[in-house]
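Chains as they are written, first to last, in our numbering: chain L, 1407 to 1758; chain D, 1407 to 1758; chain E, 302 to 622; chain Y, 302 to 622.
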Ligand SMILES: Cc1ncc(C[n+]2csc(CCOP(=O)(O)OP(=O)(O)O)c2C)c(N)n1
Ligand SMILES: Cc1ncc(C[n+]2csc(CCOP(=O)(O)OP(=O)(O)O)c2C)c(N)n1
Ligand SMILES: [Mg+2]
Ligand SMILES: [Mg+2]
């Protein structure tokens, strides 16, 4: 694959080297889509059209957008609950995402699983389980298979600061380290786990643990989508070159409540205000404007796409209750995950 | 308690300062008892008098002897499967230990649990479960209670190199670190987990993890009983002074198979030979001889004690099958763990 | 007497125990400053402080394991699983460390695990589970499941004062829907069954949220006299009360919300088929959730959860037998 | 045809699959160089290498979780729990990640977990458990439990070729005690029940090690014609075969080694009490291990495990009914 032979040469050079103008616009588009879809979904939730609870990643859009953009079609992802942009970059249509939130038949899980618990298997993604951070082990196992088969592929998963306290975090980090697996762990540190601040979760920043597991740990500004991209691109290329795992801590902030019901009055206002000045979408817009990109046109196109998608989803039916009992077991052949879209220009022919 | 007020003054000074001649003899006695009891029990196993499987700690006696010797009566211990000396120091009689191995009524668990899975609750010890290293969390919880109640007490547990790969290792280390609890974790690194060498268990020595959890990690020669004692004494005093947990890695070697059935042909002979030269019992004997102690007299006394204990145990009955169903639930008042014996001269009136 | 919701009754029991007994300690994720995902401990930190209403790290094995350690040195920990589903992450500590301790070592582990459970609100596969049967199959754990506000309080007091590990199943769907008169102060409800409505033609045996469903489904079945037995406690299981009802009614429908296979209802049915057989006049009918994860979307979820209609149908059929 | 022990049959199935299908991968603690705690994979590393017979870190959640990851990218992992008891440490990954994946996401997880289970050799509370009911109660997991060498091989082939997670219960006590003729090469045994001995007066329903106990206990019961039904598969459960036997024999004794409450036997009894009721001529009798941890000392262990005597007594009583 072009990217793989090309990469070593690229090693070490800065993001500008890797991101063409169309890439940088794609990154903005992904973030705008994520924000716009989640805002619309929140309204639908308020109108009672989205059942259950509702989670969003407002202010964290750069983490999933930048990371997913560095992943190749043949790579595999376990996407978490604040990472909507990753689904969009892999090729999931906004209409299916709205349908998913609303529990409609056209949703990725056809109403079986809730809101953010989905992943399009045809696009190389595994839907998360609620138990955090269980998916770290699934990603580690994918990477283990890639290494055993001698494939130049990589697995990536996101997880939160709170979930670093759970045993599965350790079992995955240790396993990936001792077997030197091609996996990228993106720690999405948004300062809180529900209402619990990080200082009740750990005494030392978890990025420090990477060295104790035998691999690289880096900290990135999680609100800079191009910095996110570059950190993950480098980690991915290390992984496929046999250099082992990387732990990337993306520093960001959860700007909304844990879920729709949460007024987050436990968060100091100053903290929110301070982070508001570092909004990842505005930062990328500023960048692009300075390059002469017509950002308003991008915004307008995204808004239109979202309207159309919401309409399409709202017009779709709910699932058929008669279906409720089917599919507990796979009846036919087990079908492995498929390849996803990979819009980055660095991937020759890697999707739209 | 004398020990507590006395300790701060002692901080920093070497083991000679802390160990009186009678203490150093006690340490040898504990190791000789452990080795002698396990050797005898192994014979009983071969004769079919010990049901199930049989585990021993040959060559690792210093780890449990030195560590337990530094614990006060009011401290609490979770003792593992290669730590027999700790039970002896807390005050469990050899006869009850033989009875335990043989599944007799007089055993500490009265035949309910097997061989090494015991702890005398009246002596402040909790019997281990097989799932490793679950007891790390139990010890952490004890320490949490001590801190919440403002008590100057400490919890200690041992665990093996292999068990550091499990999630509970992490949940305990992280919890103890973030809450700065008075707990001492003794990592008994005997180079193997059953047949699995440490290089398949981790990429970096686990002692390095301590810093990433926010507390001290030290490495000790696990075959030097006085060095073990001193490391744990210092860790305990740090703990009761509010200094938080300590991870102590005791470097040692499993000189026998994982259990009686294991010929350990997966272990390079040179490795065993090299460690044989560092036998912890011989080292302590040499020390004491140079101090003019009559080591042979100590040996003879221990041998006699073991003979008598084995005879006593062999004469005892098996448990009554009619008892098999009782005691699943506690019917009366819940009774907390009691205080153990603490023979170290540093503990005024701490036992025999 | 005061009127309380099921949720207020739980809070009230916790508050009373924290006031009465300094050994009582609450542990859980977001139970302190935030007052818990369902606000059961709302305002508690203000009265009892962050030490006794502890916001723990996100670590269920840690919560159960540390609670065991605290319990054996004299504390009375009450752990909250944010959702009962997450006990799967602390399962080993619960069944192997807490559950087997007293039998193996004679060491009591006075510990309560609160498990907000059950579905009905589009919680999806990971926020709707009813794991009680897993505990029933693990020796050494007691299991209770209140259906009324009164029992929610009394069973929780009894659980906290019990010297053993007790799994306290609190049904999320009842939190604010169920209201009732609750006696003032501390009272302990025994771990026995309760006849929710006496009857003679057929008995519906249920617990937790299914008791309300059973009562509604059978409130008017063409004048048939339908008994509803509320188990309240699953371990110990009140076998005498069950066999009693069967002897009186000779027709039985067993309802539980958990997945059908090996559920609590299976044990009750097996008990009746063995020791109540002679009294039976008709098959031992079960209504439960089929063996599927609980789906998220309302039409799917409603299709799998046992509802009033399914229970009524089952009773009608059996009465006609 | 070759004569093999139960253990050799398991090894043979694993060896055949490793030869036939490069996607097959064995993962577990000490299964490589050492050949496994019970020597099931003895000599495998020499033929297949340490990559395909992988000595993993001591981490059960890691083993199951990584196996799920490998499975969804095209591998066919077969995990060994060193003892079935340790699945408690990987329980969450098994029931929540592996078990629910296909229903939730339409993603198949072809994965086998081998679980050496059962007691009878003073293994004590942590090396003698029979956790199958926990899996039966968790939707999305198949569960099989062979009692003969032939089925040990055929069920393992079928499990490895099944596109779903399968819990393969291998009973430690049978490893070297059970011998039998086993067909050459690869053959798949369907996940259905098997009549181990036909009969007409009473049927004993069992699986795993209890099948042998049932056969021995009923080999000569004053000339009564006793059927023994070997379930072989617990999920799916062969309900037709069960109801069939009940229809023919009208008297039923259900034996399992697991703790009584909510065990597999409870489900079988509940099924019969519901759908086989009309055919019953006597109570549905159960023999199982009482709800205690499995004690270590032989006299205690023998007192709790269901043995030939208890089963014979149960049959005698029921026949006299
Ligand atoms: C094992 C587990 N325990 C509890 C929960 C309930 N819960 C859902 S999200 C959450 C906080 C997660 O915090 P973090 O990992 O930082 O992710 P974030 O939501 O901040 O992105 C909790 C406790 C869970 N999902 N999984
Ligand atoms: C959770 C768990 N998995 C598997 C086992 C089976 N097992 C018993 S001892 C052992 C090796 C333990 O190695 P280590 O932790 O280094 O302790 P050591 O025996 O070397 O002292 C294993 C795998 C276990 N006891 N617990
Ligand atoms: Mg967070
Ligand atoms: Mg070891």
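Every residue gets a Cβ at the ideal spot worked out from N, C-alpha and C, and that includes glycine. Nothing here was measured: the structure is a model prediction, and the numbers come from that model.
- prompt: For residue 369 of chain E, which residues of its own chain have a beta-carbon under 7 angstroms away from its beta-carbon, when the five flanking residues on both sides are left out?
  reply: Against the third chain, residue 369 of chain E aligns to sequence position 68. Same-chain partners within the cutoff: 394, 398, 399, 410 and 412.
- request: Return yes when the Cβ of residue 1723 of chain D is within less than 8 angstroms of the Cβ of residue 1446 of chain D, no when it is not.
  value: Within the second chain, numbered from 1, the residue matching residue 1446 of chain D stands at position 40. Within the second chain, numbered from 1, the residue matching residue 1723 of chain D stands at position 317. No, they are not a contact pair.
field: Per-residue contacts from residue 1569 of chain D into chain L (C-beta, under 7 angstroms)
entry: Numbered from its first residue, the second chain carries residue 1569 of chain D at position 163. What residue 1569 of chain D touches in chain L: nothing, since even the nearest Cβ is about 12 angstroms away.
message: Would you say the beta carbon of residue 383 of chain Y is closer than 7 angstroms to some non-hydrogen atom of ligand 6?
response: Ligands displayed in this structure: ligand 1, ligand 2, ligand 3 and ligand 4; ligand 6 is not among them.
Test item: CB-CB of residue 373 of chain Y and residue 408 of chain Y under 8 angstroms: Taking the fourth chain and counting its residues from 1, one reaches residue 373 of chain Y at position 72. Taking the fourth chain and counting its residues from 1, one reaches residue 408 of chain Y at position 107. Closer than 8 angstroms, so yes.
- prompt: Which residues mark the beginning and the end of the alpha helix (DSSP H) in which residue 313 of chain Y is found?
  reply: Taking the fourth chain and counting its residues from 1, one reaches residue 313 of chain Y at position 12. From DSSP, the alpha helix (DSSP H) with residue 313 of chain Y extends over 307 to 321.
- request: Whole angstroms is fine: what's the gap from residue 1458 of chain L's alpha carbon to residue 558 of chain E's?
  value: Within the first chain, numbered from 1, the residue matching residue 1458 of chain L stands at position 52. Within the third chain, numbered from 1, the residue matching residue 558 of chain E stands at position 257. Near 19 angstroms, if we compare the C-alpha coordinates of residue 558 of chain E and residue 1458 of chain L.
- prompt: How long is the line joining the alpha carbons of residue 1410 of chain D and residue 335 of chain E, rounded to whole angstroms?
  reply: As a working note, residue 1410 of chain D is residue 4 in the second chain. As a working note, residue 335 of chain E is residue 34 in the third chain. Note on residue 1410 of chain D: pLDDT 28, under 50, position unreliable in the model; the coordinate value appears next. Rounded to the nearest angstrom, the two C-alpha atoms are 38 angstroms apart.
- request: Taking C-beta pairs closer than 7 angstroms, name the residues in chain L that residue 428 of chain E reaches, listed in chain order.
  value: Taking the third chain and counting its residues from 1, one reaches residue 428 of chain E at position 127. Within chain L, the residues near residue 428 of chain E are 1536.
field: CA nearest to the CA of residue 1693 of chain D, picked from D:1743, D:1431 and D:1529
entry: Your numbering for residue 1693 of chain D matches position 287 in the second chain. Checking every option, the nearest Cα to that of residue 1693 of chain D belongs to D:1431.
message: Pairs of beta-carbons, one from the segment 381 to 390 of chain E and one from the segment 1631 to 1645 of chain L, closer than 8 angstroms: are there three or more?
response: No, the segment 381 to 390 of chain E does not touch the segment 1631 to 1645 of chain L.
- prompt: List, in order along the chain, the chain E residues whose C-beta lies closer than 7 angstroms to that of residue 1624 of chain L?
  reply: In the first chain, the residue the question calls residue 1624 of chain L occupies position 218. Simply none; closest approach about 23 angstroms.
- request: Pull up the CB-CB distance for residue 507 of chain Y and residue 515 of chain Y, whole angstroms please, since I reckon it's below 8 angstroms.
  value: Counted from its first residue, the fourth chain places residue 507 of chain Y at position 206. Counted from its first residue, the fourth chain places residue 515 of chain Y at position 214. Contact between residue 507 of chain Y and residue 515 of chain Y holds, since their C-beta atoms are separated by about 4 angstroms, short of 8 angstroms.
query: Would you say residue 390 of chain Y reaches chain D, if we count a Cβ-Cβ gap shorter than 8 angstroms as a contact?
result: As a working note, residue 390 of chain Y is residue 89 in the fourth chain. Answer yes: the Cβ-Cβ gap between residue 390 of chain Y and chain D drops below 8 angstroms somewhere.
task: Please check the pair residue 1468 of chain L and residue 1437 of chain L, which I expect to be a contact at CB under 8 angstroms, by giving their CB distance rounded to whole angstroms.
output: Locating residue 1468 of chain L in the first chain gives position 62, counting from the first residue. Locating residue 1437 of chain L in the first chain gives position 31, counting from the first residue. That belief holds up - the Cβ atoms of residue 1468 of chain L and residue 1437 of chain L are roughly 6 angstroms apart, short of 8 angstroms.
query: Based on the DSSP output, what are the partners of residue 1566 of chain D in its beta bridges?
result: Here the question's residue 1566 of chain D lines up with position 160 in the second chain. D:1594, per the DSSP bridge assignment.
- prompt: On the three-state DSSP scale, how would you describe residue 443 of chain Y?
  reply: Counting from one through the fourth chain, the residue named residue 443 of chain Y turns up at place 142. For residue 443 of chain Y, the three-state secondary structure derived from DSSP is strand.
Nearest residue (CA-CA) to residue 343 of chain E, options E:456, E:617, E:618 and E:310: For the purposes of this step, residue 343 of chain E is taken as residue 42 along the third chain, with counting starting at 1. Comparing Cα positions, the closest option is E:310.
Interface positions of the segment 403 to 425 of chain E facing chain Y (Cβ-Cβ less than 7 angstroms), listed along the chain: Cβ proximity to chain Y below 7 angstroms picks out 404 and 405 from the segment 403 to 425 of chain E.
- request: Establish whether the CB of residue 1724 of chain L and some CB of chain E are separated by less than 8 angstroms.
  value: Along the first chain, one-based indexing puts residue 1724 of chain L at 318. By this cut-off, residue 1724 of chain L is an interface position.
- request: Counting only runs of 4+ residues fully inside the segment 530 to 568 of chain E, write out the alpha helix (DSSP H) ranges in chain order.
  value: List check, alpha helix (DSSP H) in window: 540 to 550.
- prompt: If you measure from each residue's Cβ to the nearest non-hydrogen atom of ligand 4, which ones come out under 7 angstroms, in chain order?
  reply: Chain order is used for the residues whose beta-carbon lies nearer than 7 angstroms to a heavy atom of ligand 4, namely D:1566, D:1567, D:1568, D:1594, D:1595, D:1596, D:1597, D:1598, D:1599 and D:1660.
- prompt: List, in order along the chain, the chain L residues whose C-beta lies closer than 7 angstroms to that of residue 369 of chain Y?
  reply: Position 68 of the fourth chain, counted from the first residue, corresponds to residue 369 of chain Y. Going along chain L in sequence order, the residues near residue 369 of chain Y (Cβ under 7 angstroms) are 1544 and 1547.
message: Using a Cβ-Cβ distance cut-off of 8 angstroms, determine whether residue 1751 of chain D contacts chain Y.
response: Here the question's residue 1751 of chain D lines up with position 345 in the second chain. Among the CB atoms of chain Y, none fall inside 8 angstroms of the CB of residue 1751 of chain D.
Contact with chain D by residue 1600 of chain L, beta-carbon distance below 8 angstroms: Locating residue 1600 of chain L in the first chain gives position 194, where the first residue counts as 1. No - not a single Cβ of chain D is within 8 angstroms of the one on residue 1600 of chain L.
task: My understanding is that residue 527 of chain E touches residue 574 of chain Y, with C-beta atoms under 8 angstroms, so please give their C-beta distance in whole angstroms.
output: Translated into positions along the third chain, residue 527 of chain E becomes position 226. Translated into positions along the fourth chain, residue 574 of chain Y becomes position 273. A Cβ-Cβ separation of about 20 angstroms leaves residue 527 of chain E out of contact with residue 574 of chain Y under the 8 angstroms criterion.
query: Rounded C-beta distance between residue 339 of chain E and residue 315 of chain E? I'm assuming under 8 angstroms.
result: Indexing the third chain from 1 puts residue 339 of chain E at position 38. Indexing the third chain from 1 puts residue 315 of chain E at position 14. Between residue 339 of chain E and residue 315 of chain E a beta carbon distance of about 12 angstroms is seen, past the 8 angstroms cut, so the two are scored as non-contacting.
message: Helix, strand or coil, according to DSSP, for residue 1627 of chain L in the structure here?
response: Walking along the first chain from the start, residue 1627 of chain L turns up at place 221. Reduced to three states, the DSSP call for residue 1627 of chain L is strand.
task: Assign residue 618 of chain Y to one of three DSSP states: helix, strand, or coil.
output: For the purposes of this step, residue 618 of chain Y is taken as the residue at position 317 of the fourth chain. DSSP, read as helix, strand or coil, puts residue 618 of chain Y in helix.
message: Taking the straight line between their C-alpha atoms, what separation do you get for residue 1617 of chain D and residue 1504 of chain L?
response: The residue given as residue 1617 of chain D occupies position 211 in the second chain. The residue given as residue 1504 of chain L occupies position 98 in the first chain. Going by the C-alpha atoms only, they are around 45 angstroms apart.
- request: Would you please state the rounded distance, in angstroms, between the beta carbons of residue 1552 of chain D and residue 1588 of chain D? I believe it to be under 8 angstroms.
  value: For the purposes of this step, residue 1552 of chain D is taken as the residue at position 146 of the second chain. For the purposes of this step, residue 1588 of chain D is taken as the residue at position 182 of the second chain. Rounded to the nearest angstrom, the Cβ distance from residue 1552 of chain D to residue 1588 of chain D is 6 angstroms, consistent with a contact under 8 angstroms.
query: Comparing the C-beta of residue 302 of chain Y with each C-beta of chain L, is any distance below 8 angstroms?
result: By one-based count along the fourth chain, residue 302 of chain Y stands at place 1. Answer no: the Cβ-Cβ gap between residue 302 of chain Y and chain L never drops below 8 angstroms.
- request: Starting from the beta carbon of residue 1577 of chain L, find every residue of chain D whose beta carbon is closer than 9 angstroms, and list them in chain order.
  value: Within the first chain, numbered from 1, the residue matching residue 1577 of chain L stands at position 171. The contacting residues are 1571, 1572, 1573 and 1576.
task: May I ask you to report which of helix, strand or coil DSSP gives residue 358 of chain E?
output: For this step, residue 358 of chain E is matched to residue 57 along the third chain. In this structure, residue 358 of chain E counts as coil in the three-state DSSP scheme.
- prompt: Taking only beta-carbon atoms, is residue 1608 of chain D less than 8 angstroms away from chain L?
  reply: Position 202 of the second chain, counted from the start, is the residue given in the question as residue 1608 of chain D. Yes, contact with chain L.
task: Please classify residue 1493 of chain L: is it buried, with 16 or more other beta-carbons within 10 angstroms of its beta-carbon, or exposed?
output: For this step, residue 1493 of chain L is matched to residue 87 along the first chain. Looking at its Cβ environment, which holds 16 or more other Cβ atoms inside 10 Å, residue 1493 of chain L is buried.
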